[in-house]
Amino acid sequence: MAQTDYYAVLGVRPTAPNDEITLAWRRLVLASHPDKARSAPAQTDIRLVNEARAVLSDPARRADFDAQRTAAPPSGPRIREHVSLEAFTAHPSAEEPEHFTLECRCGQSYDVTVDELEAGVDVVGCPGCGEYIGIDYEVVEE
Ligand SMILES: [Zn+2]
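Per full-length UniProt numbering, residue 1 is the first one in the sequence shown, and the count goes up by one each step.
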């Protein structure tokens, strides 16, 4: 899943506190103002800057974003293929965590829980052969 790095957009560290994020956002907004940006060669994508600030200044959305950022690092597992979550078999149950499975070509199953999906996990490994697949799904905003 290609994901915009909002920290890079604002030019702040991933550990930056909220006021640093607001400062970086304000600086970019001011720099992109038409009166000041006329002579600037590089135009800032203000829509992206506002989006980055909206996500990073909201603790819940920032936590979600951080989880997604770290779920599949660039140096992480090689992903064999991307599979839609719709191809998985759902196992809803009151007793155990609701989860989804998909049979691997080795005979074992990929297994991912709803909690993991909600935390932004989009890569799952097979316990049998150690291969990884990416899961494509839409997060439903509530
Ligand atoms: Zn396997």
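Cβ coordinates follow ideal geometry from the N, Cα and C atoms, glycine included.
Straight-line Cα distance separating glutamate 96 from isoleucine 79: Residue numbering aside, residue 79 sits at position 79 when the sequence shown is read from its first letter. Residue numbering aside, residue 96 sits at position 96 when the sequence shown is read from its first letter. When rounded, the distance between both Cα atoms is 28 Å.
Taking 8 Å as the cut-off, decide whether the C-beta atoms of threonine 113 and glutamate 131 are in contact. Residue 113 sits at position 113 when you count from the first residue of the sequence shown. Residue 131 sits at position 131 when you count from the first residue of the sequence shown. Taking 8 Å as the Cβ cut-off, threonine 113 and glutamate 131 do not qualify as a contacting pair.
Helix, strand or coil: which one does DSSP assign to valine 83? By 1-based counting over the sequence shown, the position of residue 83 is 83. Here valine 83 sits in strand by DSSP.
Contacting residues, own chain, Cβ-Cβ under 7 Å from valine 12 (five flanking each side not counted): On the sequence shown, residue 12 is found 12 positions in, with the first residue counted as 1. Contacts found: Glu20, Ile21 and Ala24.
Which listed residue (Gly128, Pro127, Glu118 and Val124) has its alpha carbon closest to that of isoleucine 138: Reading the sequence shown from its first residue, position 138 is the one you call residue 138. Per the sequence shown, residue 138 should be read as glutamate rather than isoleucine. Out of Gly128, Pro127, Glu118 and Val124, Glu118 has the C-alpha closest to the C-alpha of glutamate 138.
What is the rounded straight-line gap between the Cα of glutamate 86 and the Cα of isoleucine 133? Along the sequence shown, one-based indexing puts residue 86 at 86. Along the sequence shown, one-based indexing puts residue 133 at 133. Going by the C-alpha atoms only, they are around 14 Å apart.
Where the alpha helix (DSSP H) containing phenylalanine 100 begins and where it ends: As a working note, residue 100 is residue 100 in the sequence shown. Not the alpha helix (DSSP H): phenylalanine 100 falls in the beta strand (DSSP E), residues 99 to 103.
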